[in-house]
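Chains as they are written, first to last, in UniProt numbering: chain A, 1 to 198; chain B, 1 to 198. First comes the structure, then the notes that go with it.
Protein chains: 2
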Amino acid sequence: MTTKAALTSQHIIEISAPIFNKNGYAATSISDITKATGLTKGAIYGNFKNKEELAYAAFKYMVKSLISPLSNHLRESSSPIKKLYLITDFYRNYYPFSKQLGGCPILNIGVDANHSNSELLQRVREVIQRIQDQLCSIIENGIDAGEISTNINAMQYAKRIDTMIQGAIFMTHTLNDNYYMEDTMNLIDELIDLKLKI
Amino acid sequence: MTTKAALTSQHIIEISAPIFNKNGYAATSISDITKATGLTKGAIYGNFKNKEELAYAAFKYMVKSLISPLSNHLRESSSPIKKLYLITDFYRNYYPFSKQLGGCPILNIGVDANHSNSELLQRVREVIQRIQDQLCSIIENGIDAGEISTNINAMQYAKRIDTMIQGAIFMTHTLNDNYYMEDTMNLIDELIDLKLKI
DNA sequence: TTTTTAATATACCGATTGGTATATTTTAAT
DNA sequence: ATTAAAATATACCAATCGGTATATTAAAAA
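Put into structure tokens, the structure is as follows:
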């Protein structure tokens with residue numbers, strides 16, 4: 001059990017993740033990471049094959065840091081329709097939370113990697129897909145449970161909600177104004193009430 | 001009339017704008033621009049004070065390239081409510097159009113500049129503000145003209161529509177799937193029908 | 001305690017970075 | 001055609017880039 005290196009790896013990931021998230025892949029240098037961690041290149045390259053592998057690990061960690069609190073939050077109710085409200089509830093507090101981690105990794109890395117790092121872009125796409133699949137499942141469960149109207153397209157509304165959330169994240173972060181997040185969550189709640197809820 | 005340098009400046013701007021738009025500020029090098037333009041550093045620095053000034057000019061040009069077609073499109077009707085439909089109509093064709101220019105500059109530069117170039121970020125914010133103000137004016141004109149319900153908050157809906165559009169732009173570009181753009185425009189049309197239209 | 005191995009630090013590599021000073025060329029004025 | 005001025009090309013700068021080879025230190029095994 002190589003405990004020392006594993007701890008160092010984790011430390012490097014945790015420190016570098018917000019840096020990659022803020023600056024993007026190309027604009028983050030190894031020296032940014034050595035400065036922030038207090039370690040040297042030897043420690044970095046002893047634990048990661050190259051900058052790219054570190055960026056993948058950092059992105060994975062950052063997504064986990066932001067998604068697992070959401071998953072936990074959704075456990076507060078087993079009712080699908082209430083889970084939907086728990087989602088908007090979660091995102092009402094998302095701004096200060098994500099800001100502290102350097103922003104939303106899906107937005108930041110999605111934009112950053114789009115014309116440069118196709119491997120990283122692919123990972124962003126997979127995360128978005130997973131989120132939408134999970135959202136779709138909640139809606140489908142709501143239909144099965146008789147909480148949500150049968151004549152709606154679950155995946156369509158999963159994508160609509162996800163798209164609105166991402167728009168709000170962009171606006172709130174870019175304009176440094178939480179209004180967009182709050183009002184968009186109100187709008188999504190209205191959408192749930194009006195179109196989904198029976 | 002220094003015609004020669006003005007033409008060269010314009011040429012540099014037009015060529016470098018999509019590069020900055022795709023790569024972001026820090027990840028775009030002067031050599032990227034000399035390669036693309038076929039010019040040398042002497043021509044670049046003879047016409048622009050530094051990389052930053054060129055990036056500003058490139059952003060300004062890119063915004064103009066994407067916004068003025070929208071302005072022109074809106075001239076097709078003088079009715080405020082029809083202008084709203086013309087907006088969703090415009091964005092239904094936005095993906096191939098913006099893709100050819102390296103993406104949406106508001107989204108790309110907004111994310112890119114957020115934690116690095118505060119001057120550039122400020123310019124993105126001003127563009128967003130201008131768009132929302134104009135959208136708000138259209139809604140207000142609609143209220144005055146009796147086309148739009150009097151008991152709605154014009155700026156609130158301007159921001160809601162803008163937020164949804166930006167979310168759709170992000171999703172469509174990141175997932176390379178125009179569905180998000182199309183469906184979001186349908187959703188906005190529904191919103192106009194249901195909440196705004198009298 | 002000694003030896004072996006794992007982990008980190010240091011020194012260096014060629015390539016590239018933004019930017020500048022100067023040389024050269026192109027354009028315009030005389 | 002000659003001269004003056006504007007515009008562009010070239011050569012160079014220190015600093016930094018990602019990455020590697022090796023030296024040193026820290027941990028584990030003997």
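Think of the CB as a built atom: it goes at the ideal place given N, C-alpha and C, for glycine as much as any other residue. Remember, it's a predicted structure, so these values are computed and weren't measured experimentally.
Cβ shell of residue i (< 8 angstroms), same chain only, five flanking positions each side left out
i: ASP162(B); result: ILE128, ILE131, GLN132 and LEU135
Proximal chain B residues relative to residue i, where beta-carbon distance stays under 8 angstroms
i: HIS115(A); result: LYS22, ASN23, GLY102 and GLY103
i: VAL127(A); result: Within 8 angstroms Cβ-Cβ: nothing; VAL127(A) doesn't reach chain B, min ~10 angstroms.
i: TYR180(A); result: LYS159 and THR163
Extent of the continuous alpha helix (DSSP H) run through residue i
i: HIS73(A); result: 51 to 74
i: THR34(A); result: 30 to 37
i: GLN132(A); result: 118 to 144
i: ASP183(B); result: 179 to 191
i: SER77(A); result: Taken as a continuous stretch (DSSP letters only), SER77(A) belongs to no alpha helix (DSSP H), as it is neither H nor E.
i: TYR45(B); result: 41 to 47
i: GLN166(A); result: 154 to 175
i: ILE109(A); result: 105 to 113
i: GLN100(A); result: 94 to 100
Environment of residue i [buried if 16+ CB atoms lie within 10 Å]
i: PRO80(B); result: buried
i: residue 199(B); result: Past the edges of chain B, shown from 1 to 198, lies residue 199(B), and the structure says nothing about it.
i: ALA6(A); result: exposed
i: LEU194(B); result: exposed
i: ALA57(B); result: buried
i: MET1(A); result: For MET1(A), the predicted structure reports a pLDDT of 45, less than 50, and the residue's modelled location is therefore unreliable. A value from the coordinates is still provided. Exposed, by the Cβ-count rule.
i: ASP144(A); result: exposed
i: GLY46(A); result: exposed
i: ASN23(A); result: buried
Interface partners of residue i on chain B, CB under 7 angstroms
i: ILE67(A); result: Simply none; closest approach about 17 angstroms.
Own chain residues within Cβ distance below 6 angstroms of residue i, not counting five before or after
i: ILE192(A); result: LEU84
i: MET62(B); result: ALA17, ASN21 and PRO105
i: TYR95(B); result: THR172, ASN178 and MET181
i: GLY110(B); result: VAL124
i: PHE48(A); result: LEU54
Within chain A, the residues that residue i reaches when beta carbons sit closer than 9 angstroms
i: VAL111(B); result: GLY24, GLY103, LEU107, ASN108, GLY110, VAL111, ASP112, PHE170, HIS173 and THR174
Own chain, CB closer than 7 angstroms to residue i, minus 5 neighbours either side, in chain order
i: TYR25(A); result: ALA55, ASP112, ALA113, SER116, ASN117 and LEU120
i: ASP32(B); result: ILE19
Contacts that residue i makes with chain B (C-beta to C-beta distance below 9 angstroms)
i: ASP183(A); result: GLN156, LYS159, ARG160 and THR163
i: GLY167(A); result: ASP162, THR163, MET164, ILE165, GLN166, GLY167, ALA168, ILE169, PHE170, MET171 and THR184
Rounded Cβ spacing between residue i and residue j (contact assumed at less than 8 angstroms)
i: ILE15(B); j: THR37(B); result: 5 angstroms
i: LEU101(A); j: LEU66(A); result: 7 angstroms
i: MET155(B); j: ILE188(B); result: Going by Cβ atoms, the distance from MET155(B) to ILE188(B) rounds to 16 angstroms, so no, they are not a contact pair.
i: MET185(A); j: ARG92(A); result: 5 angstroms
i: PHE170(B); j: GLY167(A); result: 7 angstroms
i: residue 210(A); j: ILE198(A); result: Missing from the structure shown is residue 210(A); chain A here goes from 1 to 198 and no further.
Proximal chain A residues relative to residue i, where beta-carbon distance stays under 7 angstroms
i: LEU187(B); result: ARG160
Residues that residue i contacts on chain A, provided the C-beta gap is smaller than 8 angstroms
i: VAL124(B); result: THR174
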